[in-house]
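A.B. asks: Numbering (our numbering), first residue to last: 826 to 1000.
Where is the CB? At the ideal position from N, CA and C, for every residue including glycine.
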Amino acid sequence: FKWISGRGGDTVDDHRLVARKLSNYCAYLVAFVPEMLPDPSYNAEQIFDTAVRQARVHLDGCRTKADILDRLDKIQCKEENYLEGGSLYERAGSSSIIEKAAVLGGQLMASVPDEGRRWKVLAEFWAEFILFLAPSDNVDIHAEMLGAGGELMTQLWALLSHAGILERTPSAPRT
């Protein structure tokens, strides 16, 4: 967004802002407009509700950002012990969403130690993820959203449709 801010557009604060805004937008879509997402279902809402309940349990008593980060660090350490003990497959199905998120956050910090680079990676991830979500054959929801003033997802859908990108690239089969 260099051309908007007049600044370099490549600062830690810029990447943090983009990553957080796009991440929050995805959470908003899951919570309030799941029909705009691919394969909207009760399952996505159920997963979201479960994550909220688990966050309340795991982060109970945390009052500050520092408290939350400290608690997530403890959760990560506990989960890493399971991983090091070789019980990954036994534990994988029973780990909570918050426990998995804590481990993923730790892995990101370990693999990308520089904070600025880490925020850039996250900003790029969320930008690509939003673009992955945007193609849709649900014209009705986009027409409804345009009538209500529009959604970012609808604007992206319109641009991608105009460019001939009407569906998501199928994912490669897992091996």
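For the stretch 958-971 against the stretch 852-862, are there 3 or more C-beta pairs whose distance is under 8 Å?
C.D. replies: Judged by Cβ distances under 8 Å, the stretch 958-971 makes contact with the stretch 852-862, as three or more pairs qualify.
A.B. asks: Looking only at C-alpha atoms, which of A869, E905 and D962 sits nearest to A935?
C.D. replies: Mapped onto the sequence shown, residue 935 falls at position 110. Nearest C-alpha to A935: E905.
A.B. asks: Which word fits T979, buried or exposed, when buried means at least 16 other C-beta atoms lie within 10 angstroms of its C-beta?
C.D. replies: Against the sequence shown, residue 979 aligns to sequence position 154. Result: buried.
A.B. asks: Helix, strand or coil: which one does DSSP assign to G972?
C.D. replies: As a working mapping, residue 972 is identified with position 147 in the sequence shown. G972: helix per DSSP, three-state reduction.
A.B. asks: Consult DSSP for T979 and reduce its assignment to one of helix, strand or coil.
C.D. replies: In the sequence shown, the residue the question calls residue 979 occupies position 154. Three-state result, T979: helix.
A.B. asks: Take the Cβ of V964 as the centre, count every other Cβ of all protein chains shown within 10 Å, and call the residue buried at 16 or more, exposed below.
C.D. replies: Start at 1 with the first residue of the sequence shown, and residue 964 comes out as number 139. Flag for V964 reads exposed.
A.B. asks: Give the secondary structure of E940 by DSSP, where H, G and I count as helix, E and B as strand, and everything else as coil.
C.D. replies: Taking the sequence shown and counting its residues from 1, one reaches residue 940 at position 115. Correct three-state label for E940: helix.
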